[in-house]
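Per the UniProt record's numbering, the very first residue in the sequence shown carries number 2; after that it's consecutive. Only one structure is covered here, and it is reproduced in the block below.
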Amino acid sequence: STRFNALKADAEWQKVWDERRTFAADDNSAKPRSYVLEMFPYPSGKIHMGHVRNYTMGDVLARFRRMTGHEVLHPMGWDAFGMPAENAAMERGVHPGGWTRENIATMKAQLKRLGFALDWDRELATCEPDYYGHEQALFLDMFAAGLVYRKESAVNWDPVDMTVLANEQVIDGRGWRSGALVEKRKLSQWFLKITAFADDLLKGLDGLEHWPDKVKLMQRNWIGKSQGLTFRFALAAESDTRRVTPGDGIEVFSTRPDTIFGASFVAIAADHPIAQAIAVGDPAAEAFIARCKQGGTTAAELDTQEKLGFDTGLCALHPFDPERRLPVYIANFVLMEYGSGAVMGVPAHDQRDLDFARKYGLSVPRVVSDGDKAASAFEGDEAYTGPGTLVNSHFLDGMDVEDAKREVITRAEAGGWGRGSTVYRLRDWGVSRQRYWGTPIPIIHCEACGAVPVPKDQLPVVLPEDVGFDVPGNPLDRHPTWKHVACPSCGGEARRETDTLDTFADSSWYFVRFASQPKDKPFDKAAAEKWLPVGQYIGGVEHAILHLLYARFWTRALQHLGLLDVAEPFAGLFTQGMVTHATFKSADGRWLSPDEVQSGVETATGTPVTVGRVEKMSKSKKNTVDPTGIVDRYGADAVRWFMLSDSPPERDLEWSESGIEGSWRFIGRLWRLFEGNAPGAEILGGEDKALSRKLHGTIAGIAEDIEALSFNKAVAKLYELTSAIEKAPPSAARTEAVATLMRLVAPMAPHIAEEAWAAAGNEGLIADAAWPQVDAALLVEDEVTIAIQVNGKLRDTLTLPRDMAREEVEAAALASENVVRFLEGRAPKKVIVVPGRLVNLVA
Ligand code: ANZ
Ligand code: ZN
Numbered sequence: 002s003t004r005f006n007a008l009k010a011d012a013e014w015q016k017v018w019d020e021r022r023t024f025a026a027d028d029n030s031a032k033p034r035s036y037v038l039e040m041f042p043y044p045s046g047k048i049h050m051g052h053v054r055n056y057t058m059g060d061v062l063a064r065f066r067r068m069t070g071h072e073v074l075h076p077m078g079w080d081a082f083g084m085p086a087e088n089a090a091m092e093r094g095v096h097p098g099g100w101t102r103e104n105i106a107t108m109k110a111q112l113k114r115l116g117f118a119l120d121w122d123r124e125l126a127t128c129e130p131d132y133y134g135h136e137q138a139l140f141l142d143m144f145a146a147g148l149v150y151r152k153e154s155a156v157n158w159d160p161v162d163m164t165v166l167a168n169e170q171v172i173d174g175r176g177w178r179s180g181a182l183v184e185k186r187k188l189s190q191w192f193l194k195i196t197a198f199a200d201d202l203l204k205g206l207d208g209l210e211h212w213p214d215k216v217k218l219m220q221r222n223w224i225g226k227s228q229g230l231t232f233r234f235a236l237a238a239e240s241d242t243r244r245v246t247p248g249d250g251i252e253v254f255s256t257r258p259d260t261i262f263g264a265s266f267v268a269i270a271a272d273h274p275i276a277q278a279i280a281v282g283d284p285a286a287e288a289f290i291a292r293c294k295q296g297g298t299t300a301a302e303l304d305t306q307e308k309l310g311f312d313t314g315l316c317a318l319h320p321f322d323p324e325r326r327l328p329v330y331i332a333n334f335v336l337m338e339y340g341s342g343a344v345m346g347v348p349a350h351d352q353r354d355l356d357f358a359r360k361y362g363l364s365v366p367r368v369v370s371d372g373d374k375a376a377s378a379f380e381g382d383e384a385y386t387g388p389g390t391l392v393n394s395h396f397l398d399g400m401d402v403e404d405a406k407r408e409v410i411t412r413a414e415a416g417g418w419g420r421g422s423t424v425y426r427l428r429d430w431g432v433s434r435q436r437y438w439g440t441p442i443p444i445i446h447c448e449a450c451g452a453v454p455v456p457k458d459q460l461p462v463v464l465p466e467d468v469g470f471d472v473p474g475n476p477l478d479r480h481p482t483w484k485h486v487a488c489p490s491c492g493g494e495a496r497r498e499t500d501t502l503d504t505f506a507d508s509s510w511y512f513v514r515f516a517s518q519p520k521d522k523p524f525d526k527a528a529a530e531k532w533l534p535v536g537q538y539i540g541g542v543e544h545a546i547l548h549l550l551y552a553r554f555w556t557r558a559l560q561h562l563g564l565l566d567v568a569e570p571f572a573g574l575f576t577q578g579m580v581t582h583a584t585f586k587s588a589d590g591r592w593l594s595p596d597e598v599q600s601g602v603e604t605a606t607g608t609p610v611t612v613g614r615v616e617k618m619s620k621s622k623k624n625t626v627d628p629t630g631i632v633d634r635y636g637a638d639a640v641r642w643f644m645l646s647d648s649p650p651e652r653d654l655e656w657s658e659s660g661i662e663g664s665w666r667f668i669g670r671l672w673r674l675f676e677g678n679a680p681g682a683e684i685l686g687g688e689d690k691a692l693s694r695k696l697h698g699t700i701a702g703i704a705e706d707i708e709a710l711s712f713n714k715a716v717a718k719l720y721e722l723t724s725a726i727e728k729a730p731p732s733a734a735r736t737e738a739v740a741t742l743m744r745l746v747a748p749m750a751p752h753i754a755e756e757a758w759a760a761a762g763n764e765g766l767i768a769d770a771a772w773p774q775v776d777a778a779l780l781v782e783d784e785v786t787i788a789i790q791v792n793g794k795l796r797d798t799l800t801l802p803r804d805m806a807r808e809e810v811e812a813a814a815l816a817s818e819n820v821v822r823f824l825e826g827r828a829p830k831k832v833i834v835v836p837g838r839l840v841n842l843v844a
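Encoded structure:
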């Protein structure tokens, strides 16, 4: 017998698949279609184990779907714009384009080395004009439809490097290169109107049955729909209104209008127009506002940071009780970007308001009673936010919370001072980046005509190649000629937009371009609709919010524009777990990579190492294992097998040397079985019902497991079947089982499967072969075990054919030796037969 030469087989079959374009999808196929997609990689340099795991899962499904008669689209491309390329340019003086394209070449070769069934004909890289030019066209379509606008918005400004920084370039509040404290600066920037689809994006989640609940929940929370009352507080005449127009009042949003009689103050955000107006000429207010801007602005930070307020001297009138005056504060826990940037403070029933009221000695009236507590003054430091009955609230007294909400909204609307409203946490998507390596925004600014779209026949707006990264800032802005153009509208002197698009825009529609890639437009509607939506999308849970939401938005925008009649881009979503590895530290506290350690000792120094926690593979902790070396040692099939075998796919997988070795040994066992089935070998022996049954049970079980993406279960079944075959004596059934096993392992271990398939004299490729048919008759157990009782006591059990006639079952029971003994020669008075279960003989 010969050993399986994985490296030779890998190379041979990969070449065959490549040359024959085996995995090219046929747009015109009449077969049912299946679109399997894994999130495309950022070309950072090399493939890592996370990629290997992700792409192996998708590959098994894609190959399985091919074998079950589908026309499969399984494409691959590159999310190729972004900061790391510019950082490389700044640090090493290489051009971002050169760096990116080299990485793509390296990583493509690595993917090919793993034998993925990908349609390389459709490969795309978002950094190429033949991709981003079409994105520019779509941007202009959205612009024309009013889904794009410009407004002032804050950016991170590095005052030393005099440049805008991306969020990832701000580390602990400082510029990554200069170390200077970063400032917020206002710039006019481009936004996509994702909020126009807030409710659609929320409702759409309900229809996504094949998405993980946790991802849907994260999206719901991100969109953050709240219903309540928006209303206006009038300002009292005695207010200090030197700097504000009292007629405007203060508009607030509340989700708890029922608590309106519990309001004891009004608070506005530091950048609320009234706060800004007050700060003019009031140094104390100005200083307070500056202080508010220092803290973080995330919801979590706002909840935990110390509550700070500044009394403006303004007084608000309670809408139901003009005698009541509420002081107006500027407060650091109120966000300008949410609701109307102002709140009514109800300390008894809102924790932040309570913290604030206790600090500034404001009254805390209770208005919702939980059971017997109805006293007007609220005790303690924990707000009551539960259900209950309204108290101390005039006409609301005695109502429950929901009724009281409705009542207040009704009265506010009738009185004309408020309206029921819905507020979303979701903000419009700011897409402007002051960077070079991204899609140029196809707009020209003209003094006379404003923001003018680049005419479509002048697309793509191509990035200039001759740029330098030796000084900070945006090379597009510094370029001597690129931005100076004539206005497409009036022909006058104008300036090209030098902002580029957020790279999330590039990944928001690439799956459409995979489905259809004409030269002259982003995609063909009918052709794309034949493939979309993506049947199964697989990727990391880190994309659960932004990428998936932006892609859902972009798809809806295309639908709104009439370009594509698909609402949801991904019918099925699966988020896989991470690949982890133990971490190691040297005696003097350096992280060590696994190959610097042997048997608990640092190889170089001979000193013992500390074994740390098992963690996600990461460069910073040096606990990565490079897939390339592993593939060259064990072959692609063993690596793929291990990626699927040890853990459920949604859980983390711990990389281990023993694990990959186990997979490699198993590939060897398969080969010994396949080799023994050489063509022409004489088939010995007769039937082997048990093995046939095992085989057909496995065929059906694996199909279910793969469809459910339970790859580890499928692998476990293959181990069992293989062991059963190894133990079985020669028989026709065994020969059939080995021949079938080739096809069962083909999605996971395609190279050995092709090799064995060819050696067995089969025509064509196993990649094109049909999934084995299940013999349904073999799935039913055809024998049953029957309990035999005498006078209700168990005396024997018999294994009999399931379909045995009643009289025969009775006869078999009476013939049992035990029964004969217990009946002691008497004839039973009565025989009770429960088919398939028991026979009771009553003596
Ligand atoms: C009065 C009130 C009483 C409130 C009460 C809550 C409980 P969600 O549910 O997250 O949407 N709020 C409104 N605008 C705000 C802003 N710009 N910055 C900070 N807080 C703001 O939160 C809505 C509630 O958050 C609103 O309802 C308001 O406080 C506050 F017992 O109004 B509430
Ligand atoms: Zn003009």
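The C-beta atom is built at its ideal place from N, Cα and C for all residues, glycine as well.
**Message:** Taking the beta strand (DSSP E) that Met77 belongs to, which residues open and close that run?
**Reply:** Pro76 to Trp79
**Item:** Bridge-paired residues (DSSP) for Trp555
**Value:** Paired residue(s): none; Trp555 is not in a bridge.
**Message:** By the DSSP assignment, the alpha helix (DSSP H) with Ala138 in it spans what residues?
**Reply:** Pro130 to Ala145
**Asked** Quick one: Cα of Lys830 to Cα of Ala778, how far?
**Response** In a straight line, the C-alpha of Lys830 is about 39 Å away from that of Ala778.
**Asked** Considering only C-alpha positions, which residue in the set Tyr538, Val840, Cys316 and Ile224 is nearest to Ile269?
**Response** Cys316
**N- and C-terminal bounds of the beta strand (DSSP E) containing Val149** = Taken as a continuous stretch (DSSP letters only), the beta strand (DSSP E) holding Val149 covers Val149 to Asp159.
**Request:** Mark Phe643 as exposed unless 16 or more other C-beta atoms lie within 10 angstroms of its C-beta, in which case mark it buried.
**Result:** buried
**Item:** Rounded Cβ spacing between Leu236 and Gly250 (contact assumed at less than 8 Å)
**Value:** Contact flag correct, Cβ pair sits at about 6 Å.
**Asked** Would the beta-carbon of Val455 be found less than 7 Å away from any heavy atom of the ligand ZN?
**Response** no
**Message:** What does the alpha-carbon distance come out to for the pair Phe675 and Glu543?
**Reply:** 42 Å
**Asked** Nearest to Ser377 by alpha carbon, out of Arg233, Val453, Leu477 and Ala264?
**Response** Ranked by Cα distance from Ser377, the first of Arg233, Val453, Leu477 and Ala264 is Ala264.
**Request:** Using the Cα positions of Glu655 and Thr584, report the straight-line distance between them to the nearest angstrom.
**Result:** 12 Å
**Per-residue DSSP class, three states only, for Ile48** = coil
**Asked** Taking 7 Å as the line, does the beta carbon of Ser490 fall inside it for any heavy atom of the ligand ZN?
**Response** yes
**Request:** Could you say if the region 305 to 319 and the region 268 to 285 meet the contact criterion of at least three C-beta pairs nearer than 8 Å?
**Result:** As far as the Cβ criterion goes, the region 305 to 319 touches the region 268 to 285, which means the pair count is three or higher.
**Message:** Leu722 and Leu696 - do their beta-carbons sit closer together than 8 Å?
**Reply:** Yes.
**Request:** Please go through the same chain and pick out, in chain order, the residues whose beta-carbon is closer than 6 Å to the beta-carbon of Ser394, but skip the five residues on each side of it.
**Result:** Once the five neighbours on either side are set aside, the close Cβ partners of Ser394 are Phe262 and Val368.
**Close-in-space but distant-in-sequence residues of the same chain around Thr604 (CB under 7 Å, 5 per side omitted)** = Result list for Thr604: Glu597 and Val598, in chain order.
**Prompt:** By how many angstroms is the C-alpha of Val329 removed from the C-alpha of Glu287?
**Reply:** 16 Å
**Asked** For the ligand ZN, any of its heavy atoms closer than 7 Å to the Cβ of Ala495?
**Response** yes
**Prompt:** Could you give the distance in angstroms between the alpha-carbon of Thr501 and the alpha-carbon of Ala26?
**Reply:** Taking the Cα positions, Thr501 is about 33 Å away from Ala26.
**Asked** Which residue comes first and which comes last in the beta strand (DSSP E) that contains Ile787?
**Response** Glu784 to Val791
**Request:** Grab me the residues of Ala384's own chain with a C-beta within less than 8 Å of its C-beta, minus the 5 sequence neighbours each way, in chain order.
**Result:** Pro348, Ala349, His350, Asp351, Gln352, Asp354 and Leu355
**Prompt:** Hey, would you say Gly161 sits closer than 8 Å to Pro628, going by beta carbons?
**Reply:** Note that residue 161 is Val in the sequence shown, not Gly. Their beta carbons are not under 8 Å apart, which means Val161 does not touch Pro628 by this criterion.
**Request:** Quick one: residues in its chain with C-beta nearer than 6 Å to the C-beta of Trp758, no 5 flanking neighbours on either side, listed in chain order?
**Result:** Cβ within range, chain order: Met743 and Ile767.
**Asked** DSSP beta-bridge partners for Arg233?
**Response** Glu252
**Request:** Decide if Met50 is buried, meaning its Cβ has at least 16 other Cβ atoms within 10 Å, or exposed.
**Result:** Label assigned to Met50: buried.
**Message:** Could you check whether Leu115 and Val716 sit closer than 8 Å to each other, using their CB atoms as the reference points?
**Reply:** no
**Message:** Can you find the residues in the same chain that come closer than 6 Å, C-beta to C-beta, to Asn157, ignoring five residues on each side of it along the sequence?
**Reply:** Leu166, Val171 and Val183
**Message:** Excluding the 5 residues flanking Phe515 on each side, which residues of the same chain have their C-beta closer than 6 Å to its C-beta?
**Reply:** Pro76 and Arg123
**Message:** Excluding the 5 residues flanking Leu559 on each side, which residues of the same chain have their C-beta closer than 8 Å to its C-beta?
**Reply:** Leu139, Trp510, Val513, Leu565 and Val567
**Item:** Limits of the unbroken beta strand (DSSP E) element including Asp200
**Value:** Not the beta strand (DSSP E): Asp200 falls in the alpha helix (DSSP H), residues Ala199 to Asp207.
**Request:** Using a threshold of 8 Å, state whether the C-beta atoms of Met618 and Thr576 are closer than that.
**Result:** At a Cβ-Cβ threshold of 8 Å, Met618 and Thr576 do not count as neighbours.
**Message:** Given this structure, state the Cα-to-Cα distance separating Ala343 from Ala146, to the nearest angstrom.
**Reply:** Their Cα atoms are separated by approximately 32 Å.
**Message:** DSSP has Cys316 in a bridge; who is on the other side?
**Reply:** Pro328
**Request:** Look at the alpha carbon of Glu72 and the alpha carbon of Ala528, and state the distance between them as a whole number of angstroms.
**Result:** One Cα belongs to Glu72, the other to Ala528, and the distance between them is close to 14 Å.
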